[in-house]
Structure formats: structure tokens, C-alpha cells
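Residue numbers (the numbering used here): 194 to 315.
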């Protein structure tokens, strides 16, 4: 899955947590993109079976979409924690950097970061 689609999934999940609902307008505002861009991404996510989008309505994660967004969020949380607690990066910078790199690291690298985090932060 592309970085962009992962960002959409993550945003939909966050909006559901925060507002109990995700709508095209909210997604566009959160990501700073146009509504047509959101519609194109939602179409692709729906094609992949990760969401359900009601015509002119709400966006829902499928079970597979929930699992995928949870995995993305776990990666984000691990990286944020690693950057803050192990490397001593400020919270704001750790959050921004984790958001940028979470989509590019391999599972092997993420496992190593998790291992190092556990050793450094008992």
C-alpha cells in the first residue's frame, strides 16, 4: 500500500476515535487536500476492501481496514516513543518525524527498534 493510502486509513481511524464519524470534508481538512483527492483515495481503499463509503455519506473501515490502520498506528506509536524516549527528541519533533518515516521502514527495522526500545526503557 502506498504512503498516501496509509495516511488516509490512519486519518479515517483517528477521525472515528475523535468524532465517532469520518466524512470526506473532515478527511480533506485533516490532510490538507482537496475533496476530489479524498474521493479518489477512498475509491481505491474501497476497491481494496479496506473501507465502505456511503454515497455523500460517512466513511467506515472494514475489519481488514481496522486491522491495517491499527498496524499503521502501532508503527507510528513505536517510532514516536523510540524517538522521544531513546533518542531524546522533543515530543513535537518526534511526532512529526514518526509520521514521515513510519511508512518507509521495513518490518525488520521496526522489530529492531522495538527491541532497542525495550532494552532502553524497562
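Beta carbons: idealized from backbone N, C-alpha and C, even for Gly. Every value quoted in this text rests on a predicted model; they were computed, and no experiment measured them.
- Following the DSSP letters along the chain, one finds residue 231 in no beta strand (DSSP E) but inside the alpha helix (DSSP H) bounded by residues 228-240.
- Distances from the alpha-carbon of residue 206 to those of 291, 304, 261, 230 put 261 closest.
- Between the segment 242-256 and the segment 202-219, the count of C-beta pairs closer than 8 Å reaches three or more; the two stretches touch.
- In the DSSP annotation of this structure, residue 211 is not part of any beta strand (DSSP E); the continuous alpha helix (DSSP H) holding it starts and ends at 196-212.
- Here the segment 295-302 does not lie against the segment 237-245, with fewer than 3 beta-carbon pairs under 8 Å apart.
- When 274, 232, 306, 285 are compared, the shortest CA-CA separation from residue 197 is found for 232.
- Three or more pairs of CB atoms, one per stretch, sit closer than 8 Å, so the segment 268-275 contacts the segment 283-295.
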